[in-house]
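**Q** Take this structure, written in structure tokens, and hold onto it; I'll ask about it next.
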Amino acid sequence: MADIVLDHIVKRYPDGTVAADDLSIEIADGEFVILVGPSGCGKSTALNMIAGLEDITEGELRIGGERVNEKAPKDRDIAMVFQSYALYPHMTVRENMGFPLKLAKVDKEEINRKVEDAATILDLTTHLDRKPATMSGGQRQRVAMGRAIVRSPKAFLMDEPLSNLDAKLRVQMRTMVSKLQRRLETTTVYVTHDQTEAMTLGDRIVVMRGGMIQQIGSPETLYDTPANLFVAGFIGSPAMNFLPATLEEGVFHTALGEFALTDELRGALTSGNAPRELIVGIRPEHFEDSALVEDHQKAHGSVFTAQVEVLESMGSDKYVYFSVEGEQAVSDELAELAADAGTSDVPGGDSGTLVTRLSSASTARQGRPSEVWVDTSKIQVFDPSNGRNLTVRDAAPVAGG
Amino acid sequence: MGTDSRTRIWWALAGLVVCIYALVPVLWIVSLSFKTTDTITDGSFVPRSWTLDNYAQIFSLDLFTSALVNSIGIAIISTVLAVVIGTMAAYAIARLSFPGKKTLVGVSLLIAMFPQISLVSPLFDISRAVGLFDTWPGLILPYITFALPLAIYTLSAFFREIPWELEKAAKMDGATPLQAFREVIVPLAAPGVFTTAILVFIFCWNDFLFAISLTSTSASQTAPVAIANFTGASQFAEPTGSIAAAAVLLTIPIIIFVLLFQRRIVAGLTSGAVKG
Numbered sequence: 486m487a488d489i490v491l492d493h494i495v496k497r498y499p500d501g502t503v504a505a506d507d508l509s510i511e512i513a514d515g516e517f518v519i520l521v522g523p524s525g526c527g528k529s530t531a532l533n534m535i536a537g538l539e540d541i542t543e544g545e546l547r548i549g550g551e552r553v554n555e556k557a558p559k560d561r562d563i564a565m566v567f568q569s570y571a572l573y574p575h576m577t578v579r580e581n582m583g584f585p586l587k588l589a590k591v592d593k594e595e596i597n598r599k600v601e602d603a604a605t606i607l608d609l610t611t612h613l614d615r616k617p618a619t620m621s622g623g624q625r626q627r628v629a630m631g632r633a634i635v636r637s638p639k640a641f642l643m644d645e646p647l648s649n650l651d652a653k654l655r656v657q658m659r660t661m662v663s664k665l666q667r668r669l670e671t672t673t674v675y676v677t678h679d680q681t682e683a684m685t686l687g688d689r690i691v692v693m694r695g696g697m698i699q700q701i702g703s704p705e706t707l708y709d710t711p712a713n714l715f716v717a718g719f720i721g722s723p724a725m726n727f728l729p730a731t732l733e734e735g736v737f738h739t740a741l742g743e744f745a746l747t748d749e750l751r752g753a754l755t756s757g758n759a760p761r762e763l764i765v766g767i768r769p770e771h772f773e774d775s776a777l778v779e780d781h782q783k784a785h786g787s788v789f790t791a792q793v794e795v796l797e798s799m800g801s802d803k804y805v806y807f808s809v810e811g812e813q814a815v816s817d818e819l820a821e822l823a824a825d826a827g828t829s830d831v832p833g834g835d836s837g838t839l840v841t842r843l844s845s846a847s848t849a850r851q852g853r854p855s856e857v858w859v860d861t862s863k864i865q866v867f868d869p870s871n872g873r874n875l876t877v878r879d880a881a882p883v884a885g886g
Numbered sequence: 097m098g099t100d101s102r103t104r105i106w107w108a109l110a111g112l113v114v115c116i117y118a119l120v121p122v123l124w125i126v127s128l129s130f131k132t133t134d135t136i137t138d139g140s141f142v143p144r145s146w147t148l149d150n151y152a153q154i155f156s157l158d159l160f161t162s163a164l165v166n167s168i169g170i171a172i173i174s175t176v177l178a179v180v181i182g183t184m185a186a187y188a189i190a191r192l193s194f195p196g197k198k199t200l201v202g203v204s205l206l207i208a209m210f211p212q213i214s215l216v217s218p219l220f221d222i223s224r225a226v227g228l229f230d231t232w233p234g235l236i237l238p239y240i241t242f243a244l245p246l247a248i249y250t251l252s253a254f255f256r257e258i259p260w261e262l263e264k265a266a267k268m269d270g271a272t273p274l275q276a277f278r279e280v281i282v283p284l285a286a287p288g289v290f291t292t293a294i295l296v297f298i299f300c301w302n303d304f305l306f307a308i309s310l311t312s313t314s315a316s317q318t319a320p321v322a323i324a325n326f327t328g329a330s331q332f333a334e335p336t337g338s339i340a341a342a343a344v345l346l347t348i349p350i351i352i353f354v355l356l357f358q359r360r361i362v363a364g365l366t367s368g369a370v371k372g
């Protein structure tokens with residue numbers, strides 16, 4: 486076991502493309518760190534550089550305090566789980582899992598013992614003599630995990646290990662991965678494009694975009710105080726709502742009406758050189774059916790009326806989609822997020838749709854106008870020109886570490 | 097149902113026609129090899145009187161037995177060498193980028209396209225000059241040369257089919273490049289290796305042109321050449337029966353070779369490596 490340090494790492498391809506730009510991450514011993522971002526953000530490149538499958542152009546990579554830039558993968562003592570599992574089809578499960586030990590010239594009894602231990606942990610004991618071709622996706626996935634854990638490496642690297650599984654199995658495997666990591670206490674770097682996976686698994690999350698780190702922090706930090714529009718839009722499901730807003734004499738003018746600045750916000754916005762045109766971000770759960778909000782709560786919020794477009798009842802909550810008139814918030818970050826999500830519009834769905842999560846007691850009806858309260862103390866304010874979160878004071882683009 | 101079964105019948109018929117067309121000459125040769133000298137020209141498909149004299153006769157000739165040994169030895173050595181070199185070259189072509197890769201592929205294609213007859217005279221001169229004339233290496237070398245393009249092309253197609261992630265996985269598991277190649281890639285490419293081996297073996301086994309041009313004595317003459325030399329071996333009878341018997345014997349190793357490896361050739365060995 487060891488810590489992993491990425492010290493200003495750059496990956497530049499011969500054609501000049503920069504896949505990873507000045508990555509600095511310190512991963513503590515035993516920590517579970519997630520690299521997350523849309524496709525092409527450089528997360529897999531970063532992982533491959535840690536693995537040694539790709540060369541590092543600039544910067545230094547240290548594992549357990551030792552520079553490993555020039556070391557071959559086999560000399561770094563780290564195990565990797567691939568998206569495609571990459572099991573050896575001509576070997577049985579036992580041989581697959583024992584392969585790293587066989588290469589390390591461990592004697593046969595020892596190999597058998599370790600493989601069987603790992604198989605017990607992963608519930609594979611009855612499948613040891615089968616070939617991968619005859620196994621289900623979940624079982625193959627577990628074999629791939631088993632191959633990684635048998636030799637107790639310094640660290641695990643996982644490259645989207647669950648993305649080939651169906652939704653239900655993915656949730657089960659997620660829990661298994663989490664338990665396994667807690668049990669083995671091995672430093673783990675996990676790459677995914679799924680923010681739910683990132684939020685549920687990681688001790689810390691590294692959000693990446695275009696080869697650069699956007700923010701490093703615990704799931705809570707990223708959710709509550711995103712450093713910029715990109716992180717705010719990427720983390721959270723359903724995604725945060727973004728609205729263009731104008732700041733005039735301490736009052737926000739938005740499509741949802743006028744919000745008074747809270748004291749906290751006023752401090753943050755008036756002290757800096759905040760522009761007058763802003764983007765306001767509100768999480769779906771910071772809305773509530775106005776009828777269900779007690780009067781003393783209403784004070785630090787604002788009430789507006791809008792048409793209910795779609796209502797999805799989840800039992801515990803209701804997701805209510807409102808149509809909102811007015812312009813869309815525009816920024817590069819939001820455009821990229823939308824492109825990644827496959828919608829040409831901003832996150833949250835169609836143009837002018839507001840996603841809210843209301844209590845199940847809400848009386849909102851599809852097609853009818855409804856009165857909604859928004860908790861203005863929870864709103865985030867972003868600078869449209871660079872995407873920076875103005876609500877978070879001292880928010881450096883790269884936080885934590 | 098109607099059209100489906102009709103197409104199937106048509107395919108079966110077509111297959112049957114092709115099989116008959118290909119097999120009748122073979123059966124004819126087999127039939128000739130069992131006929132006695134006086135019935136050999138009777139035109140009957142099934143021999144009227146069976147005999148093993150033809151087989152006995154060719155084995156009584158030292159020429160043929162030594163030629164058979166030469167054939168087997170030269171073909172096996174050439175096949176092994178061509179497949180080993182071809183495997184490594186094909187792996188490099190499929191996986192690595194190195195300067196001169198395109199030239200290498202182009203040159204090997206060029207060799208494959210060259211009419212062999214045009215190379216026979218220069219090869220004859222060369223092999224005499226360097227003292228390889230009428231020796232095993234004198235045949236093995238040109239065989240490898242002409243078999244390699246074929247081997248490289250077939251094998252690199254097989255290597256491309258193997259997911260690259262398997263190699264990465266092997267590297268992560270602590271394998272050196274050579275270990276990854278030997279333990280992971282080669283077993284998976286086995287069907288390709290065996291297919292290539294069979295093709296190369298057949299090429300070397302059947303070759304007549306180089307064998308007759310570059311050999312002169314029983315030290316290195318191969319079986320096809322020996323058969324050709326049967327003519328006039330007997331003053332009193334046409335050696336048709338002997339030629340037929342030798343031809344039948346020559347096909348036996350090929351049939352054994354294919355039967356041995358046909359199960360290996362069956363594809364699908366790579367299934368289960370990655371998400372299926």
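Heads up: the protein sequence lines correspond to chains S and V, in order. Residues 486 to 886 in the numbering used here are what the first sequence spells out, letter by letter. Residues 97 to 372 in the numbering used here are what the second sequence spells out, letter by letter. Beta carbons are placed, not taken as given, at the ideal position from N, Cα and C, and that holds for glycine.
What's the gap between the Cα of valine 877(S) and the Cα of leucine 491(S)?
**A** Translated into positions along the first sequence, residue 877(S) becomes position 392. Translated into positions along the first sequence, residue 491(S) becomes position 6. Approximately 26 angstroms between the Cα atoms of the pair.
**Q** Can you tell me whether aspartate 488(S) is helix, strand or coil according to DSSP?
**A** The residue given as residue 488(S) occupies position 3 in the first sequence. Residue state, collapsed to three classes: coil.
**Q** What residues in the segment 577–588 of chain S have a beta carbon less than 7 angstroms from any beta carbon of chain V?
**A** Phe584, Pro585 and Leu588
**Q** Count the other CB atoms, across all protein chains shown, that sit within 10 Å of the CB of phenylalanine 304(V); report buried if there are 16 or more and exposed otherwise.
**A** On the second sequence, position 208 is the one that residue 304(V) refers to. Flag for phenylalanine 304(V) reads exposed.
**Q** Would valine 120(V) be called buried (16 or more neighbouring beta carbons within 10 Å of its own) or exposed?
**A** As a position in the second sequence, residue 120(V) is number 24, starting the count at 1. Valine 120(V) should be labelled exposed.
**Q** Taking 8 angstroms as the cut-off, does the segment 124–134 of chain V touch the segment 338–346 of chain V (at least 3 CB pairs, one atom from each stretch)?
**A** yes
**Q** Using a cut-off of 9 angstroms between C-beta atoms, extract the partners of alanine 531(S) located in chain V.
**A** The sequence position of residue 531(S) within the first sequence is 46, counting from 1. Per Cβ cutoff of 9 angstroms: no residues; alanine 531(S) is ~15 angstroms from chain V at best.
**Q** What ranges does the beta strand (DSSP E) occupy inside the segment 560–605 of chain S, keeping only unbroken runs of at least 3 residues that lie completely in it?
**A** Listed in chain order, the complete beta strand (DSSP E) runs (minimum 3 residues) inside the segment 560–605 of chain S are 563–566.
**Q** Would DSSP call phenylalanine 517(S) helix, strand or coil?
**A** Position 32 of the first sequence, counting from 1, holds the residue named residue 517(S). Reduced to three states, the DSSP call for phenylalanine 517(S) is strand.
**Q** Could you check which residue in Glu645(S), Ser847(S) and Gly623(S) has the C-alpha nearest to that of aspartate 651(S)?
**A** As a first step, residue 651(S) is located in the first sequence; it is residue number 166 there, counting from the start. Closest option to aspartate 651(S), Cα to Cα, is Gly623(S).
**Q** Provide the residue span of the beta strand (DSSP E) that contains arginine 689(S), from first to last.
**A** Position 204 of the first sequence, counted from the first residue, corresponds to residue 689(S). According to the DSSP assignment, arginine 689(S) belongs to the beta strand (DSSP E) that extends over 689–694.
**Q** Using a cut-off of 7 angstroms between C-beta atoms, extract the partners of glycine 270(V) located in chain S.
**A** By 1-based counting over the second sequence, the position of residue 270(V) is 174. Result: Lys559, Pro585, Leu588 and Ala589.
**Q** With distances taken between CB atoms, is the gap from glutamate 261(V) to phenylalanine 567(S) smaller than 7 angstroms?
**A** The count along the second sequence starts at 1 and reaches residue 261(V) at position 165. The count along the first sequence starts at 1 and reaches residue 567(S) at position 82. The answer is yes: Cβ separation under 7 angstroms.
**Q** Here's a check: name, in chain order, each residue in its chain whose Cβ is nearer than 7 angstroms to the Cβ of asparagine 554(S), leaving out the five neighbours to either side.
**A** What you label residue 554(S) is simply residue 69 of the first sequence in a count that begins at 1. The answer, listed in chain order, is Ile541, Glu545 and Leu546.
**Q** Phenylalanine 744(S) and valine 857(S) - do their beta-carbons sit closer together than 7 angstroms?
**A** One-based indexing of the first sequence puts residue 857(S) at position 372. One-based indexing of the first sequence puts residue 744(S) at position 259. Going by C-beta atoms, valine 857(S) is not nearer than 7 angstroms to phenylalanine 744(S).
**Q** Just to confirm the assignment, what range does the beta strand (DSSP E) spanning valine 809(S) have?
**A** Residue numbering aside, residue 809(S) sits at position 324 when the first sequence is read from its first letter. First-last for valine 809(S): undefined, no H or E at that position.
**Q** Can you give me the start and stop residues for the alpha helix (DSSP H) that tryptophan 232(V) sits inside?
**A** Working through the second sequence from its first residue, we reach residue 232(V) at position 136. Element bounds for tryptophan 232(V): 232–257.
**Q** Step through the CB atoms of chain S and report whether any lies within less than 7 angstroms of the CB of glutamate 261(V).
**A** Looking up residue 261(V) in the second sequence gives position 165. Yes, because at least one Cβ of chain S sits closer than 7 angstroms to the Cβ of glutamate 261(V).
**Q** Hey, would you say threonine 861(S) sits closer than 7 angstroms to serine 775(S), going by beta carbons?
**A** One-based indexing of the first sequence puts residue 861(S) at position 376. One-based indexing of the first sequence puts residue 775(S) at position 290. No, these two residues do not count as a Cβ contact at 7 angstroms.
**Q** Taking just the CA atoms, how far does leucine 109(V) sit from aspartate 830(S)?
**A** The count along the first sequence starts at 1 and reaches residue 830(S) at position 345. The count along the second sequence starts at 1 and reaches residue 109(V) at position 13. For aspartate 830(S), the predicted model reports a pLDDT of 46, less than 50, meaning its position is unreliable; a value from the coordinates is still stated below. Going from the Cα of aspartate 830(S) to the Cα of leucine 109(V) covers about 60 angstroms.
**Q** Let me see if you follow: with CB-CB separation under 7 angstroms, is lysine 197(V) close to chain S or not?
**A** As a working mapping, residue 197(V) is identified with position 101 in the second sequence. Not an interface residue.
**Q** DSSP puts isoleucine 767(S) in a beta bridge; with which residues?
**A** Within the first sequence, the letter at position 282 stands for residue 767(S). Paired residue(s): Asn726(S).
**Q** Terminal residues of the continuous alpha helix (DSSP H) containing methionine 375(V)?
**A** Chain V is shown only over 97 to 372; residue 375(V) falls outside these bounds and no answer can be derived.
**Q** Could you give the C-beta distance for alanine 487(S) and glycine 527(S), rounded to a whole number, given that I count them as a contact under 8 angstroms?
**A** Sequence index remark: in the first sequence, residue 487(S) carries index 2 (1-based). Sequence index remark: in the first sequence, residue 527(S) carries index 42 (1-based). Actually they do not touch by this definition, with Cβ atoms about 23 angstroms apart.
**Q** Could you compute how far the alpha carbon of arginine 655(S) sits from the alpha carbon of phenylalanine 719(S)?
**A** The sequence position of residue 655(S) within the first sequence is 170, counting from 1. The sequence position of residue 719(S) within the first sequence is 234, counting from 1. The alpha-carbon atoms of arginine 655(S) and phenylalanine 719(S) are separated by roughly 20 angstroms.
**Q** Would you check if the distance between the CB atom of asparagine 726(S) and the CB atom of valine 840(S) is smaller than 7 angstroms?
**A** Sequence index remark: in the first sequence, residue 726(S) carries index 241 (1-based). Sequence index remark: in the first sequence, residue 840(S) carries index 355 (1-based). Result yes, Cβ atoms of asparagine 726(S) and valine 840(S) sit closer than 7 angstroms.
**Q** Compare the C-beta of proline 283(V) against all C-beta atoms of chain B and say whether one is closer than 7 angstroms.
**A** In the structure shown, chain B cannot be found, because the protein chains are S and V.
**Q** In chain order, what residues of the segment 660–682 of chain S put their CB closer than 8 angstroms to some CB of chain V?
**A** Look at the segment 660–682 of chain S: it has no residue with a C-beta under 8 angstroms from a C-beta of chain V.
**Q** Check distances from the C-beta atoms of the segment 110–133 of chain V to those of chain S and list, in chain order, the residues that come in under 7 angstroms.
**A** none
**Q** So, with DSSP's three-state summary, where would you put aspartate 138(V)?
**A** Translated into positions along the second sequence, residue 138(V) becomes position 42. In this structure, aspartate 138(V) counts as coil in the three-state DSSP scheme.
**Q** Is valine 280(V) close to chain S, meaning its C-beta is less than 7 angstroms from at least one C-beta of that chain?
**A** Counting from one through the second sequence, the residue named residue 280(V) turns up at place 184. Among the CB atoms of chain S, one or more fall inside 7 angstroms of the CB of valine 280(V).
**Q** So, is leucine 346(V) buried or exposed, given that buried needs 16 or more other C-beta atoms within 10 angstroms?
**A** Here residue 346(V) refers to the residue found at position 250 when the second sequence is read from its first residue. By the 10 Å Cβ count, leucine 346(V) comes out buried.
**Q** Please state if the CB of leucine 532(S) and the CB of leucine 642(S) are separated by a distance shorter than 7 angstroms.
**A** The count along the first sequence starts at 1 and reaches residue 642(S) at position 157. The count along the first sequence starts at 1 and reaches residue 532(S) at position 47. Going by C-beta atoms, leucine 642(S) is nearer than 7 angstroms to leucine 532(S).
**Q** Measuring only between beta-carbons, confirm whether alanine 265(V) sits less than 7 angstroms from chain S.
**A** Here residue 265(V) refers to the residue found at position 169 of the second sequence. The beta-carbon of alanine 265(V) is placed less than 7 angstroms from the nearest beta-carbon of chain S.
**Q** Return the chain-ordered list of same chain residues with a C-beta closer than 7 angstroms to the C-beta of serine 252(V), the five sequence neighbours on each side being excluded.
**A** Here the question's residue 252(V) lines up with position 156 in the second sequence. If we look at serine 252(V) and ignore the five residues flanking it on each side, its Cβ neighbours are Ala186, Ile189 and Ala190.
**Q** State yes or no: is the C-beta of aspartate 709(S) within less than 7 angstroms of the C-beta of proline 638(S)?
**A** Residue 709(S) sits at position 224 when you count from the first residue of the first sequence. Residue 638(S) sits at position 153 when you count from the first residue of the first sequence. Against a cut-off of 7 angstroms, the Cβ pair of proline 638(S) and aspartate 709(S) comes out as no contact.
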